[in-house]
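Top to bottom, those sequences are chains A and B. Under my numbering, the final residue of the first sequence carries the number 181; numbering is consecutive throughout. Under my numbering, the final residue of the second sequence carries the number 170; numbering is consecutive throughout. Built from N, CA and C at the ideal position, the CB exists for glycine as well. Quick caveat: nothing in here was measured; it's all calculated off a predicted structure.
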Amino acid sequence: MTLIYALIAVALLYSAHKATRVKGLLNAALWLAATSCLTAILMYIMGSPGIAVIELSVGAGLVTVLFVFAISIIGDEKIESKFFIPPLAALLMATIPFIILAFLWISGISPVFKNTPADILANTIWEDRKVDLYLQAALIITGILGIMLLIAPSVANRFKKERGK
Amino acid sequence: MSYIIVVCILGLLGIGFYCLLITRNLLKLVVALQVLVKGAMLAVLFAGCLVDNMEVAQSMALTIIVADTIVAVIGLAMAIQVRQITNTSNIRSISTLRK
Numbered sequence: 017m018t019l020i021y022a023l024i025a026v027a028l029l030y031s032a033h034k035a036t037r038v039k040g041l042l043n044a045a046l047w048l049a050a051t052s053c054l055t056a057i058l059m060y061i062m063g064s065p066g067i068a069v070i071e072l073s074v075g076a077g078l079v080t081v082l083f084v085f086a087i088s089i090i091g092d093e094k095i096e097s098k099f100f101i102p103p104l105a106a107l108l109m110a111t112i113p114f115i116i117l118a119f120l121w122i123s124g125i126s127p128v129f130k131n132t133p134a135d136i137l138a139n140t141i142w143e144d145r146k147v148d149l150y151l152q153a154a155l156i157i158t159g160i161l162g163i164m165l166l167i168a169p170s171v172a173n174r175f176k177k178e179r180g181k
Numbered sequence: 072m073s074y075i076i077v078v079c080i081l082g083l084l085g086i087g088f089y090c091l092l093i094t095r096n097l098l099k100l101v102v103a104l105q106v107l108v109k110g111a112m113l114a115v116l117f118a119g120c121l122v123d124n125m126e127v128a129q130s131m132a133l134t135i136i137v138a139d140t141i142v143a144v145i146g147l148a149m150a151i152q153v154r155q156i157t158n159t160s161n162i163r164s165i166s167t168l169r170k
């Protein structure tokens, strides 16, 4: 069983690496969808199937569709300009989490994983964590308004140009 | 099992952070942010497993998914607008939007 978990972990890290480093935005979006799928599998293994389903439908479905929509509007572009931060310095900064892992490994602090499934998520969400729901509603309204303000003018201009032709 | 999940969390955080530092394409920035947030979300769920309080962890993960999606949506919309105004997706072009 551990081998399966290890394979999922390797596939997850590989797809995340490819999503960030592959050439072509469409390929990056597809690798990101694969990363979402593998994250959802890991969440399911960790005992939260509800969140895994939401991650799968939102992360691998909705976000990928949005990416493809955005790429179809603005297209792909090769950018040639100087880095903000030298790649070596960025690599050093990004390896800090692995240094922490090595420290945990050496000092023998092993996290004890308890694979206990949650009782009833609905009770927690609707009774104990109502603030989260209000926050989510506010975020969704903000997102819809943001999209309307940002995309609507450009789409309207596009339609006007097409009608003019 | 625990170490495999810890490696996944740290790997996703490292990859996302590295890409966030070196990338210059606005859409790639959103991709890097998504990878970074996936690592953070797994970390929240893992913490819930460790303290045996999965309900709260799942509730927080749900909020993270919603917030992450909204951030992606607004980021993509901004990328579209920046590209249409400046004709490039380079992150440096944002500073030229100021009139």
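Buried or exposed (CB count within 10 angstroms, at least 16 for buried), residue i
| i | result |
| --- | --- |
| Y89 of chain B | buried |
| A49 of chain A | buried |
| L82 of chain A | buried |
| W121 of chain A | exposed |
| D123 of chain B | exposed |
| S166 of chain B | exposed |
| I160 of chain A | exposed |
| N96 of chain B | buried |
| A84 of chain B | First, the amino acid is wrong: residue 84 of chain B is Leu here, not Ala. Looking at its Cβ environment, which holds 16 or more other Cβ atoms inside 10 Å, L84 of chain B is buried. |
| M164 of chain A | exposed |
| R145 of chain A | buried |
| F117 of chain B | buried |
| T55 of chain A | buried |
Within-8 Å CB hit, residue i to chain A
| i | result |
| --- | --- |
| T140 of chain B | yes |
| A148 of chain B | yes |
| A103 of chain B | yes |
| T134 of chain B | yes |
| T159 of chain B | yes |
| R154 of chain B | yes |
| S130 of chain B | yes |
| L100 of chain B | no |
| L168 of chain B | no |
| A114 of chain B | no |
| I151 of chain B | yes |
| G143 of chain B | The question names Gly, but residue 143 of chain B in the sequence shown is Ala. Yes, because at least one Cβ of chain A sits closer than 8 Å to the Cβ of A143 of chain B. |
Unbroken alpha helix (DSSP H) run spanning residue i, endpoints
| i | result |
| --- | --- |
| I80 of chain B | 73 to 93 |
| E71 of chain A | 65 to 71 |
| L107 of chain A | 103 to 110 |
| I61 of chain A | 41 to 61 |
| A76 of chain A | Unbroken run through A76 of chain A: none, as it is neither H nor E. |
| K94 of chain A | Note, K94 of chain A: premise wrong, no alpha helix (DSSP H); not H, not E. |
| S31 of chain A | 18 to 37 |
CB contact below 8 Å: residue i versus chain B
| i | result |
| --- | --- |
| T111 of chain A | yes |
| I125 of chain A | no |
| Y60 of chain A | no |
| G40 of chain A | no |
| F83 of chain A | yes |
| I122 of chain A | no |
| V74 of chain A | yes |
| G119 of chain A | Going by the sequence as given, residue 119 of chain A is Phe instead of Gly. No, no contact with chain B. |
| A49 of chain A | no |
| G77 of chain A | no |
| S88 of chain A | no |
| T80 of chain A | no |
| L104 of chain A | no |
| I141 of chain A | yes |
| E178 of chain A | no |
| L107 of chain A | yes |
Residue i - DSSP class collapsed to helix/strand/coil
| i | result |
| --- | --- |
| N158 of chain B | coil |
| V124 of chain B | The residue you asked about is not Val; residue 124 of chain B is Asn in the sequence shown. Correct three-state label for N124 of chain B: coil. |
Please name the residues in the segment 143 to 159 of chain A whose beta-carbon is closer than 8 Å to at least one beta-carbon of chain B, in chain order.
-> Look at the segment 143 to 159 of chain A: the residues with a C-beta under 8 Å from a C-beta of chain B are D144, R145, D148, L151, Q152, L155, I156, T158, G159.
Using a beta-carbon distance cut-off of less than 9 Å, what residues from the segment 73 to 94 of chain B approach chain A?
-> Residues of the segment 73 to 94 of chain B with a C-beta atom less than 9 Å from some C-beta of chain A are S73, Y74, I75, I76, V77, V78, C79, I80, L81, G82, L83, L84, G85, I86, G87, F88, Y89, C90, L91, L92, I93, T94, listed in chain order.
Which residues, in order along the segment 21 to 39 of chain A, keep a beta-carbon less than 7 Å from a beta-carbon of chain B?
-> So the list reads Y21, A22, A25, L28, L29, A32, H33, A35, T36, given in the order they occur along the chain.
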